Each structure stands twice: as structure tokens, then as C-alpha cells.
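Asks:
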Amino acid sequence: MSKILSKKDAVFLCVSALFSALLCFFVYSSLFSPDAAKKTAVISRSGKIVHEMKLSEDGTFLIEDLGFEVTVRDGCAFVSRSPCKGRYCVNSGRISRPGAAVICVPCEITVTVRGEESAIDGVAG
Amino acid sequence: MTNRTRVSSASGKAAHAAAAAALISAFSFLEHFFPVAALIPVPGIKLGLGNIVLLYLVSVKRYGEALSAAAVKVVLSFFLSGSPVALALSLSGTALSLAAMFLLCPMTKRGFSFVTVSSASSFFFNLAQTAAACVFYTGAVFYYFPVLSAVSLVTGTVTGISANLLFPKINKLIRARGSKPDERYANE
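Chains as they are written, first to last, in numbering that gives the first Met the number 0: chain A, 0 to 124; chain B, 0 to 187.
Encoded structure:
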């Protein structure tokens, strides 16, 4: 017992260190990364919902008569193709937080992320 | 007066437990001199040096004194902080960590040392305390637990290493005075 640390102690410490590292990883990854499974991208045209896409599944949605395309990749939604001139919608970038939106005024299309709670302030956007 | 250092009376037991409780309080005061919070930036962590006293009592099979000293520690922490929630937190943590010590101390005869016992008991201390805090405050406190569990390994190891170094010397000292350190109270 005069030893500072026995072999079995080292094994125990390694196992428990691994355990708490895993615990940290699972708890904090679920806490800090947005839970894509619970979020959907809602695509509306002229105020009517035309399509909903889960943010957890990669995919594209094409509005054929316009050539307007929304892509979901890595838990983010973005406008990948648009016939409009300014292309502000394409340049708006990726959205993933609940309440965030990409709006294309010429096409009258909005892409909104719907989730459990609205992380973005309704007034300040 | 053959066994003058062997304490067998109830009053002797009480004196032992009281001395242990006083030591725990002294250790918890001493902890303020170690800037653990500066090394590991986690709020509310402490070294838990007081546990070394409980660990010693458990290691020499003086379970009764360990229990009494732990009870005094819990009540003292209530008097010092003055809040019933602190009492619940202290009670739950101490109870579970002491239970872990009771159960794991026999492992020291199977190749494990006090490092294992101490870090496990410190883990269970944090587990119980976080659970109690979840009940009394909000469930969000649970998110603090993974950090605490990692820190408890470190502080438990520090306490355990101190125990590994200290306990054999203490026992040697007691043996030199003519008493057996791990002798239970045979004549009671």
C-alpha cells in the first residue's frame, strides 16, 4: 500500500476518464449542436406552404416552373438556384436556427426553419 | 493498563468521532489555501480534503465513527451556510460518497489503492449532489455533471494519493503506540 498508484488504479482511472469523456461528449454535443432532427425547412410560395423538408436529411426541392431550388445539407437549408435577378436569396446563405428565414421577393418564396423553440427574436430577426 | 491506547468505551468513540469531525472542518478550511479553482476553471469545485479523514476511518474499519463524523460534517455545513438546500446537497453527497467508501474499501486488498476508492466516492458525491440540485433547483443543473465527474477524478486522485502516502505512516505510528489500527472494538 505504500505505492502511490497501483496498476489496477491506473486501469480504473483510465476507464473512468473514458467514461466521463464520453459523458461530456454526449451531453454537450446534444446541448450545443442544434438538434436537426426536430427542425424542418418550410417552403412557402405566395403565402402557401408548398413543401417541408427535414433538416436532418440532405436533399433538394425544386419548384420546376420557376427553376427555384432549395437544398438541405449538413443540417442547414439554403437556396441553391433562383431565377431572380438580384439573387439575394441565394446569397443569404445557410439557415439552421428555428425562426431563421430566406426570402426571395421576386419569386414570392420564403424558406423558414421551424423548430421546437424560436431561437431568433421575432422583432429583431 | 495493557491497552491504554485502545479506545473501547462509548465516550472514547465519541471523542474519536468528534476529533475526526474537527479535522474535517479544519481540512475544509485549509482547502481555501489551495487555488484549485485557478487551475481548473470550474465554479464550485473543491479538493475535498475532508474526505481523507472519512476515508481513513473507513479504511481502519471504524464505521461508526465515520458515520458520526460525516453526520457532524453535514450538520456543520448546514449551520455554516444556513440554507436547508445546502443541507440537502451536503447530506445526499456525503451519504452516497460514504456508501461508496464502505463498499469499495475492501478493494484495497485486491490490488486497488485509495486512489480508486477516493475517486469513486468523489464521483458519487458529485452524482448525488447534482441529483439533489436537480430536484431543488432546475433539471438544467444536470448539464454541469459531466464536467464535475471529470473534475472528481482529478480531485479524487489527489486525495487518494495523499491517502496512499499518509495512511501507512499513520498506522505505523498507532502500532508503535501499542494499538492495532484496524482492530474493531472487540470488548463491546
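Cβ coordinates follow ideal geometry from the N, Cα and C atoms, glycine included. Model, not experiment: these values are computed from the prediction.
Give the interface partners of B:T156 over in chain A, defined as CB-CB distance under 9 angstroms, in chain order.
Replies: Looking up residue 156 of chain B in the second sequence gives position 157. What B:T156 touches in chain A: L4, D8, L12.
Asks: Would you call the segment 5-22 of chain B and the segment 103-116 of chain A touching, i.e. three or more CB-CB distances under 8 angstroms?
Replies: With a cut-off of 8 angstroms, the segment 103-116 of chain A and the segment 5-22 of chain B do not count as touching, because too few Cβ pairs lie within range.
Asks: Look at B:G49 and B:K12 and say whether their C-beta atoms are less than 8 angstroms apart.
Replies: Here residue 49 of chain B refers to the residue found at position 50 when the second sequence is read from its first residue. Here residue 12 of chain B refers to the residue found at position 13 when the second sequence is read from its first residue. Contact flag unset, no.
Asks: How long is the line joining the alpha carbons of A:A40 and A:I48, rounded to whole angstroms?
Replies: By one-based count along the first sequence, residue 40 of chain A stands at place 41. By one-based count along the first sequence, residue 48 of chain A stands at place 49. Roughly 11 angstroms separates the two Cα atoms.
Asks: Quick check: A:V69 and A:S55, are their CB atoms within less than 8 angstroms of each other?
Replies: Along the first sequence, one-based indexing puts residue 69 of chain A at 70. Along the first sequence, one-based indexing puts residue 55 of chain A at 56. With respect to A:S55, A:V69 sits apart: the two C-beta atoms are not nearer than 8 angstroms.
Asks: Grouping DSSP H, G and I as helix and E and B as strand, with all else coil, what is A:R113?
Replies: The residue labelled residue 113 of chain A in the question sits at position 114 within the first sequence. If DSSP states are grouped into helix, strand and coil, A:R113 belongs with the strands.
Asks: Which value, in whole angstroms, describes the spacing of the CA atoms of A:L22 and B:A68?
Replies: Here residue 22 of chain A refers to the residue found at position 23 of the first sequence. Here residue 68 of chain B refers to the residue found at position 69 of the second sequence. Each residue's alpha carbon lies about 33 angstroms from the other.
Asks: Among residues of its own chain, excluding the 5 on either side of B:L46, which ones have a beta-carbon nearer than 8 angstroms to its beta-carbon?
Replies: Indexing the second sequence from 1 puts residue 46 of chain B at position 47. Here the set comprises E30, F33, V35, T154, V157, T158.
Asks: Taking the alpha-carbon positions, what's the A:R15 to B:L126 distance?
Replies: As a working note, residue 15 of chain A is residue 16 in the first sequence. As a working note, residue 126 of chain B is residue 127 in the second sequence. Position check: residue 15 of chain A holds Ser in this sequence, whereas Arg was assumed. Distance between the alpha carbons of A:S15 and B:L126 is about 14 angstroms.
Asks: Return the CA-CA distance between A:V92 and A:C75, expressed in angstroms with no decimal places.
Replies: Here residue 92 of chain A is taken as the residue at index 93 of the first sequence, counted from 1. Here residue 75 of chain A is taken as the residue at index 76 of the first sequence, counted from 1. Correcting the residue type first, residue 92 of chain A is Gly in the shown sequence and not Val. Distance between the alpha carbons of A:G92 and A:C75 is about 9 angstroms.
Asks: Does the CB of B:L152 have a neighbour CB from chain A at under 8 angstroms?
Replies: Looking up residue 152 of chain B in the second sequence gives position 153. Chain A contact via Cβ: present.
Asks: Over what stretch of residues does the alpha helix (DSSP H) that includes B:K72 continue unbroken?
Replies: Here residue 72 of chain B is taken as the residue at index 73 of the second sequence, counted from 1. Looking at the DSSP string, the run of the alpha helix (DSSP H) that includes B:K72 is 62-80.
Asks: Can you tell me where the alpha helix (DSSP H) with B:I44 in it begins and where it stops?
Replies: In the second sequence, the residue the question calls residue 44 of chain B occupies position 45. That residue, B:I44, is in no alpha helix (DSSP H); it is neither H nor E in DSSP.
Asks: Can we say the segment 99-113 of chain B touches the segment 2-14 of chain A, given the rule of at least three CB pairs closer than 8 angstroms?
Replies: Touching, per the Cβ criterion.
Asks: In chain B, which residues lie less than 9 angstroms from A:L30 when you measure between Cβ atoms?
Replies: Along the first sequence, one-based indexing puts residue 30 of chain A at 31. By Cβ distance, chain B contributes Y142.
Asks: Assign B:T93 to buried or exposed, taking buried as 16 or more other Cβ atoms, counted over all protein chains shown, within 10 Å of its Cβ.
Replies: Position 94 of the second sequence, counting from 1, holds the residue named residue 93 of chain B. Classified as buried, B:T93 has 16 or more neighbouring CB atoms from the shown chains inside 10 Å of its CB.
Asks: What's the C-alpha gap between A:N90 and B:A119?
Replies: Working through the first sequence from its first residue, we reach residue 90 of chain A at position 91. Working through the second sequence from its first residue, we reach residue 119 of chain B at position 120. Approximately 54 angstroms, taken between the alpha carbons.
Asks: Would you mind working out which of B:S121, B:N170, B:I173 sits nearest B:S148, comparing C-alpha positions?
Replies: Along the second sequence, one-based indexing puts residue 148 of chain B at 149. Closest in alpha carbon position to B:S148, among B:S121, B:N170, B:I173, is B:S121.
Asks: State yes or no: is the beta carbon of A:A123 nearer than 8 angstroms to at least one beta carbon in chain B?
Replies: For the purposes of this step, residue 123 of chain A is identified with residue 124 of the first sequence, where counting begins at 1. Confidence is the limiting factor: at A:A123 the pLDDT is only 49, short of 50, which leaves the residue's position unreliable and the question unanswerable from this model.
Asks: For B:F135 and B:A70, I'd like the C-alpha separation in whole angstroms.
Replies: Locating residue 135 of chain B in the second sequence gives position 136, where the first residue counts as 1. Locating residue 70 of chain B in the second sequence gives position 71, where the first residue counts as 1. Their Cα atoms are separated by approximately 21 angstroms.
Asks: Once the 5 residues before and after B:V52 are set aside, which same chain residues still bring their CB inside 6 angstroms of it?
Replies: Taking the second sequence and counting its residues from 1, one reaches residue 52 of chain B at position 53. So the qualifying residues of the chain are A19, L22, I23.
Asks: Where does B:R61 land, buried or exposed, given buried means 16+ other C-beta within 10 angstroms?
Replies: For this step, residue 61 of chain B is matched to residue 62 along the second sequence. The residue is buried, with at least 16 neighbouring Cβ atoms inside 10 Å.
Asks: Pick out the complete beta strand (DSSP E) segments inside the segment 33-117 of chain A, 3 residues or longer, and give them in chain order.
Replies: 39-44, 47-53, 58-62, 67-72, 75-80, 100-103, 108-113
Asks: Which runs of the beta strand (DSSP E) at least 3 residues long sit entirely within the segment 96-140 of chain B? Give them in chain order.
Replies: none
Asks: A:V17 CB to nearest chain B CB: under 8 angstroms?
Replies: Here residue 17 of chain A is taken as the residue at index 18 of the first sequence, counted from 1. According to the sequence as given, residue 17 of chain A is Leu; it is not Val. It does not: the Cβ of A:L17 has no partner Cβ on chain B nearer than 8 angstroms.
Asks: When we look at the beta-carbon of A:F24 and count the other beta-carbons within 10 Å, is it buried (16 or more) or exposed?
Replies: Residue 24 of chain A sits at position 25 when you count from the first residue of the first sequence. It counts as exposed.
Asks: With H, G and I counted as helix, E and B as strand and the rest as coil, what does DSSP make of B:G49?
Replies: Residue 49 of chain B sits at position 50 when you count from the first residue of the second sequence. The answer is coil: DSSP assigns B:G49 none of H, G, I, E or B.
Asks: Between which two residues does the alpha helix (DSSP H) containing B:P167 stretch?
Replies: Numbered from 1 along the second sequence, position 168 holds the residue referred to as residue 167 of chain B. Element bounds for B:P167: 144-175.
Asks: Can you tell me where the alpha helix (DSSP H) with B:S8 in it begins and where it stops?
Replies: Walking along the second sequence from the start, residue 8 of chain B turns up at place 9. Premise fails: B:S8 is in no alpha helix (DSSP H) and is neither H nor E.
Asks: Output the distance between the C-alpha atoms of B:R183 and B:G177, rounded to the nearest integer angstrom.
Replies: In the second sequence, residue 183 of chain B corresponds to position 184, counting from 1. In the second sequence, residue 177 of chain B corresponds to position 178, counting from 1. The pLDDT assigned to B:R183 is 48, lower than 50, so where the model puts this residue is not dependable; a value taken from the coordinates is nonetheless given after this. A straight line joining the alpha-carbon of B:R183 with that of B:G177 spans about 15 angstroms.
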